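Report on the structure given below.
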């Protein structure tokens, strides 16, 4: 029942790093759970300094360190930590971590690094950023028309029923949409509509709720002409989020509802 950090400090001082790193990692996880993300990042780094050999535990610690830094708002450090972790994994995990890195670069204002990372990532999965602003506008129009014609219906599936590669493409498209929307609204809206279409085709409810909520924000940015569409989107996103009860979906629906009110001038 002793405090994890206290145990870590004593094991480290006693020359037992193989015990100390485990308790530093445990203390870091406890700090992250308590939303003390800066403290969690410090403790994860202490655990990594004592981690003796490469392996799954070391890789997991780096990802958790990246998450703590991201949650603390330290985007550039988080991005570089994710990039470091990506060099130590294989397969789809590499792309997931590269996607997180690109997103953190963009939202922390490191636009060139973020776009470069996204370009490298997209080339590996057969996707690409728009070559020109005109191209982005044409692609946005085509995706919006497709959404209008197909509607928001979907055949519900568990994540395990959808191909991992397709789930990854949805996640990458959503990362592009969220990150790029902050610096290029048209390109961001293009990726957002693509992400929603992919999510609806996949049928996995968490991803649908997340993409539908952010689509509502983009819809709200069009002003009064899109009031009806915006309302339908955010109502559907909120209803689905409440149904599945996932905190990320509920939080995204709530955040998006606030953005919609703001964009409508209802401060």
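Numbering (our numbering), first residue to last: 1264 to 1530.
By construction, the Cβ of each residue, glycine as well, lies at the ideal position given by its N, Cα and C atoms.
Here the structure is a predicted model, which is why all the values come from computation and not from measurement.
| field | Cβ-Cβ distance between residue 1489 and residue 1482 below 7 Å | value | yes
| said: I'd like to check one pair, residue 1276 with residue 1286: are the Cβ atoms closer than 7 Å? | reply: Contact flag unset, no.
| For residue 1281 and residue 1306, believed in contact at Cβ under 8 Å, the rounded distance | 17 Å between Cβ atoms; not a contact.
| Cβ-based neighbour list, residue 1471, same chain, cut-off 7 Å, excluding 5 preceding and 5 following | Closer than 7 Å at the Cβ level, and outside the excluded window around residue 1471, lie 1417, 1462, 1463, 1503.
| field | residue 1559, DSSP secondary structure in three states | value | Beyond the ends of the chain as shown, which are 1264 and 1530, falls residue 1559; an answer cannot be given.
| field | Anticipated Cβ contact below 8 Å, residue 1354 with residue 1344, distance rounded | value | The Cβ separation is near 20 Å, so there is no contact.
| query | Quick one: what's got a C-beta closer than 7 Å to residue 1479's C-beta in the same chain, skipping five residues either side? | reply | Excluding sequence neighbours, residue 1479 sits near 1493, 1496, 1497, 1500, 1519, 1523.
| Ordered along the chain, which non-local residues of its own chain (more than five positions away) have a Cβ less than 7 Å from that of residue 1335? | 1300, 1301, 1304
| message | Could you give the first and the last residue of the continuous alpha helix (DSSP H) run that contains residue 1387? | response | 1374–1387
| request: Confirm the yes/no value for this check: CB of residue 1501, any heavy atom of the ligand ZN, distance under 6 Å. | output: For the ligand ZN, the structure offers nothing, since it holds no ligand at all.
| request: For my contact list, residue 1465 and residue 1420 are in at a C-beta cut-off of 8 Å; report their separation, rounded to the angstrom. | output: 7 Å
| said: Assess contact between the region 1440–1458 and the region 1388–1401, defined as three or more Cβ pairs (one per stretch) separated by less than 8 Å. Is contact present? | reply: yes
| residue 1484 and residue 1407 closer than 7 Å at C-beta | no
| Buried versus exposed, by CB contacts within 10 Å (16 or more), residue 1438 | buried
| query | What separation, rounded to the nearest whole angstrom, lies between the Cα atoms of residue 1405 and residue 1298? | reply | 42 Å
| message | Just to check my reading of the structure: residue 1359 and residue 1434 have Cβ atoms closer than 8 Å, yes? What is that Cβ distance to the nearest angstrom? | response | 7 Å
| task | Jot down the residue ranges of each uninterrupted beta strand (DSSP E) in the region 1308–1369, minimum 3 residues, whole runs only, in chain order. | result | none
| Would residue 1514 be called buried (16 or more neighbouring beta carbons within 10 Å of its own) or exposed? | Here residue 1514 is exposed, its C-beta having fewer than 16 other C-beta atoms within 10 Å.
| residue 1321 versus residue 1440 - alpha carbon distance | Straight-line Cα distance between these residues: approximately 31 Å.
| So what does DSSP say about residue 1490, is it helix, strand or coil? | helix
| query | Is the beta carbon of residue 1326 less than 7 Å from the beta carbon of residue 1342? | reply | At least 7 Å separates the beta-carbon of residue 1326 from that of residue 1342.
| field | Nonlocal neighbours in the same chain, by C-beta distance under 8 Å from residue 1351, ignoring five residues either side | value | 1317, 1321, 1322, 1325, listed in sequence order.
| What are the start and end residues of the alpha helix (DSSP H) that includes residue 1291? | 1280–1296
| field | For residue 1451, three-class secondary structure by DSSP | value | helix
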